[in-house]
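Heads up, the final residue of the sequence shown is numbered 571 in the numbering used here, and it's a clean run with no missing numbers.
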Amino acid sequence: MSENKSNFKTIQQYFADAKKFIIPYYQRGYKWGVPNQNGTAKCSVEKLMQDIINAFQSSKFQSSKTEYFLQGVTVSENTEGTILIDGQQRTTTLFLLLHYLRLQKVSEFAPNILEYKVRKKSHEFLKSIFDKKEVMNISEIYEKDDKDSQDIFYFKKALETIHKSLEKVDKPNFTKYLLENVKIIYINILEENAIKSFTMLNGQKAKMTEEELIKAKLLSESSRAEANAENTENTEWEVNELRSKYAREWDKWLYWWNRTDVKVFFGTNNTMGLLLEIYFQKYKSDKKDEQNKEQTYSFNTFASEFIKNKKQAKETFLKIRKLQKHFEDWFNDAEIYNYLGLAFNAGQSTKKEIILWCLGEMKLKTKEEIKKFSVWNLIVSYEKCKDLQTNKDDLQIEAENILGELSGKYVYQNEEGKEGVAKSHAYKQLLRMNVMGIGNKKFEFNTFKTKSLEHISPQTPNNELSIKNQKDIEENSNGLHSIGNLVLLDGSTNSSLSNNPFLQKKNILFQKITQGFLLPHTLIVFSKSFQDKNTIFFNNDNEWNAQNVKDNAEYFINNFKTTYNIKIN
């Protein structure tokens with residue numbers, strides 16, 4: 003093929019000259035059909051339609067038709083068709099517009115097909131429009147919203163916008179103007195420069211993420227034809243089929259990482275980014291960069307480590323698939339989900355450190371190992387926690403020290419009203435007791451972004467009984483700010499309890515159970531069932547007194563000792 007070249011083409015020439023337009027695997031989906039997220043700006047389809055309509059309306063008052071120039075497209079021509087490197091959104095919109103005009107019996111011109119290399123449903127939808135013969139009924143294409151089907155929802159929105167934009171326009175003359183007087187800058191480059199050019203061009207607009215670049219490179223290398231293979235139709239079909247298979251699988255992973263519950267739990271909006279960065283950190287070599295520092299995750303370092311050739315690219319894809327399965331298994335197993343959630347909320351380790359530890363050097367950690375790690379990571383650093391056996395003595399000393407702080411009078415705050423030294427430990431341990439008490443259900447960690455410790459007997463009582471009980475608690479137990487008078491709540495529930503007396507708080511909490519409120523330990527405390535289940539300890543369940551605080555503290559301390567294997571009294 004000749005060197006890079008550019009020229010102007012009318013819209014008719016642009017679509018008639020190409021055997022077919024090919025949307026390559028590294029392109030993003032079609033997104034021009036809807037406004038921006040907050041709805042403050044028109045969608046790109048509406049803007050394009052308005053610009054062309056305005057140019058058409060202006061030309062009616064001139065003796066010769068004025069030309070209207072669209073932004074350029076960058077393509078690469080080969081024997082199969084015209085590969086769209088830059089200008090996919092614009093070309094797709096024009097394709098939909100021209101077929102809309104044809105199917106409304108306004109025009110006989112039929113643009114050639116757009117072929118999606120990896121998005122089968124997108125390709126089938128566009129082909130259905132291409133193959134249609136009867137008048138297009140716009141209302142029929144909205145029988146199904148297709149929000150979950152990549153591109154199709156946006157195709158339909160674009161057609162709706164085109165239909166609305168042309169309702170009051172002289173369609174036959176508009177079509178003639180569109181085909182003959184609207185021109186596009188046509189830039190044809192060498193195919194081997196396609197990905198590089200795409201990256202450079204998109205860097206000026208919507209820069210590709212590291213993950214999108216890795217996907218493009220990985221799919222390209224892993225499905226490449228063998229060097230000595232004949233360039234036959236059969237070889238080309240096999241390459242495209244393998245590439246499509248990998249792309250569909252990648253899109254399934256992407257869909258999973260885009261789920262709100264997944265993003266919230268793993269704390270990432272960078273879909274796929276965590277998966278690929280964990281893969282990089284686990285399998286990278288120990289070599290250093292020019293500044294003698296460890297390699298950091300990026301497209302270049304990932305590609306140089308794992309996508310050097312076809313064989314390595316295929317191996318990398320298979321290992322990423324296996325890693326993705328681990329993430330999904332952890333997320334779907336309620337117990338492991340809860341243990342990981344505990345560790346993620348401990349603040350002692352980063353999520354990446356925790357996940358890499360779970361993967362292990364040679365084999366995955368067991369559920370029991372993850373449980374022990376998560377429990378100990380609530381009180382000690384990652385470095386001590388990752389090797390529990392080696393640091394056994396240090397861990398016990400640390401646990402005993404924290405128990406001493408939690409057993410004292412000023413857990414929540416001290417005598418001066420400043421935050422108590424053990425407050426963060428109280429939160430973590432009460433979270434643990436609630437998580438471990440939930441059984442084979444997933445704990446809603448997202449609720450506790452607004453975590454709160456609730457004083458069961460309020461700090462500022464508002465009735466005589468509460469004042470009497472508060473005095474009793476201060477004189478005959480460790481007091482209001484001790485662990486025996488504290489429970490875990492989310493922020494909104496805490497606000498709803500306010501300074502109400504114990505019975506009112508209890509009633510509010512038990513009503514919330516019907517709304518899905520599930521904090522097992524908190525509910526145990528308010529129901530006063532934290533002692534021997536076969537013994538009734540209290541004659542009056544309507545008040546919270548010093549004895550209740552002491553019994554609750556004892557229950558907490560015994561649980562802590564059992565969890566951390568503390569023998570001392």
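Cβ coordinates follow ideal geometry from the N, Cα and C atoms, glycine included.
Just so you know, these numbers come straight off a predicted model, no measurement behind them.
With respect to 6 angstroms, is the separation between the Cβ of residue i and the closest non-hydrogen atom of the ligand PLP below this value?
i: glycine 406; result: This structure lacks the ligand PLP, and indeed carries no ligand of any kind.
For residue i, count neighbouring Cβ atoms within 10 angstroms of its own Cβ and tell me buried if that reaches 16, exposed if not.
i: lysine 134; result: exposed
i: phenylalanine 71; result: exposed
i: leucine 320; result: exposed
i: glutamate 110; result: exposed
i: isoleucine 570; result: exposed
i: tyrosine 285; result: exposed
i: methionine 364; result: exposed
i: glutamate 48; result: buried
i: phenylalanine 58; result: buried
i: glycine 362; result: exposed
In whole angstroms, what is the alpha-carbon distance linking residue i and residue j?
i: lysine 44; j: alanine 315; result: 41 angstroms
i: tyrosine 299; j: phenylalanine 127; result: 38 angstroms
i: asparagine 175; j: threonine 262; result: 48 angstroms
i: leucine 1; j: threonine 68; result: Because the chain is modelled from 3 through 571, residue 1 falls outside the range shown and cannot be assessed.
i: asparagine 541; j: alanine 548; result: Confidence at asparagine 541 is low in this model, with a pLDDT of 40, below 50, so its placement is unreliable and the value that follows should be read with caution. Taking the straight line joining both Cα atoms gives about 14 angstroms.
i: threonine 565; j: tryptophan 378; result: 9 angstroms
i: alanine 305; j: isoleucine 216; result: 7 angstroms
i: glutamate 407; j: glutamate 370; result: 28 angstroms
i: asparagine 465; j: asparagine 340; result: 40 angstroms
i: arginine 121; j: lysine 425; result: 53 angstroms
i: lysine 158; j: glycine 35; result: 8 angstroms
i: valine 489; j: glutamine 90; result: 57 angstroms
i: glutamate 545; j: isoleucine 356; result: 43 angstroms
i: serine 479; j: tyrosine 557; result: 14 angstroms
i: threonine 452; j: tyrosine 429; result: 12 angstroms
i: tyrosine 188; j: phenylalanine 17; result: 11 angstroms
i: tryptophan 258; j: lysine 265; result: 9 angstroms
i: asparagine 80; j: leucine 50; result: 29 angstroms
i: glycine 343; j: asparagine 448; result: 10 angstroms
i: lysine 514; j: lysine 507; result: 11 angstroms
i: asparagine 140; j: arginine 30; result: In the sequence on display, residue 140 carries isoleucine and not asparagine. Computed Cα separation, rounded: 26 angstroms.
Near residue i, what residues of its chain come up, given a Cβ to Cβ distance below 6 angstroms and the 5 sequence neighbours on each side ignored?
i: serine 454; result: Leu491, Gly493 and Asn496
i: lysine 22; result: Gly83, Asn114, Ile115 and Glu117
i: phenylalanine 346; result: Lys353
i: isoleucine 440; result: Pro522
i: alanine 20; result: Thr84 and Asn114
i: phenylalanine 282; result: Tyr299 and Phe304
i: asparagine 393; result: Lys386
i: glycine 74; result: Ile187 and Ile189
If you drop the 5 nearest sequence neighbours on each side, which residues of the same chain put their C-beta closer than 8 angstroms to that of residue i?
i: isoleucine 568; result: Gln398, Ala401, Glu402, Leu405 and Phe562
i: asparagine 311; result: Glu223
i: leucine 256; result: Thr273 and Met274
i: leucine 366; result: His328 and Cys360
Shortest alpha-carbon distance to residue i belongs to which of the options?
i: serine 225; options: Ile216, Lys247 and Leu361; result: Lys247
i: threonine 163; options: Val423, Thr95 and Trp546; result: Thr95
i: tyrosine 333; options: Asp474, Glu446, Phe282 and Pro460; result: Correcting the residue type first, residue 333 is phenylalanine in the shown sequence and not tyrosine. Closest by alpha carbon: Glu446.
i: valine 171; options: Thr303, Glu330 and Asn56; result: Asn56
i: histidine 165; options: Ile515, Leu98 and Tyr281; result: Leu98
i: leucine 220; options: Tyr384, Glu240 and Trp252; result: Trp252
i: leucine 380; options: Asn554, Leu432, Asn416 and Asn448; result: Leu432
i: glycine 419; options: Gln297, Cys387, Gln461 and Lys313; result: Gln461
i: leucine 520; options: Lys411, Met438 and Ser46; result: Met438
i: lysine 123; options: Leu100, Tyr156 and Ala112; result: Tyr156
Below 7 angstroms between beta carbons: does that hold for residue i and residue j?
i: histidine 457; j: asparagine 487; result: yes
i: leucine 278; j: glutamate 213; result: yes
i: valine 413; j: histidine 328; result: no
i: proline 503; j: serine 468; result: yes
i: valine 510; j: leucine 499; result: With the sequence shown as reference, residue 510 is identified as isoleucine, and valine is not the correct amino acid for it. Yes, they are a contact pair.
i: lysine 444; j: alanine 336; result: yes
i: methionine 138; j: leucine 168; result: no
i: tyrosine 572; j: lysine 119; result: Only positions 3 to 571 of the chain appear in the structure, and residue 572 is not among them; the question remains open.
i: isoleucine 485; j: alanine 555; result: yes
i: serine 351; j: tyrosine 384; result: yes
i: asparagine 471; j: serine 459; result: yes
i: isoleucine 322; j: isoleucine 372; result: no
i: glycine 1; j: lysine 411; result: Absent from the model: residue 1. The displayed extent of the chain is 3 to 571, so no value can be given.
Given residue i, which residues of its chain have a CB within under 7 angstroms of its CB, disregarding the five upstream and five downstream residues?
i: isoleucine 13; result: Leu96, Leu180, Leu181, Val184 and Ile186
i: valine 108; result: Lys173, Pro174 and Thr177
i: threonine 270; result: Leu276
i: isoleucine 309; result: Lys219, Leu220, Glu223, Ala315 and Thr318
i: lysine 535; result: Bear in mind that the predicted position of lysine 535 carries a pLDDT of just 43, short of 50, making it too unreliable to give a figure here.
i: histidine 603; result: As displayed, the chain neither begins before 3 nor continues past 571, which places residue 603 out of reach and without an answer.
Please report whether the beta-carbon of residue i lies at a distance below 7 angstroms from any beta-carbon of chain C.
i: leucine 168; result: Looking for chain C here will not work: only one protein chain is present.
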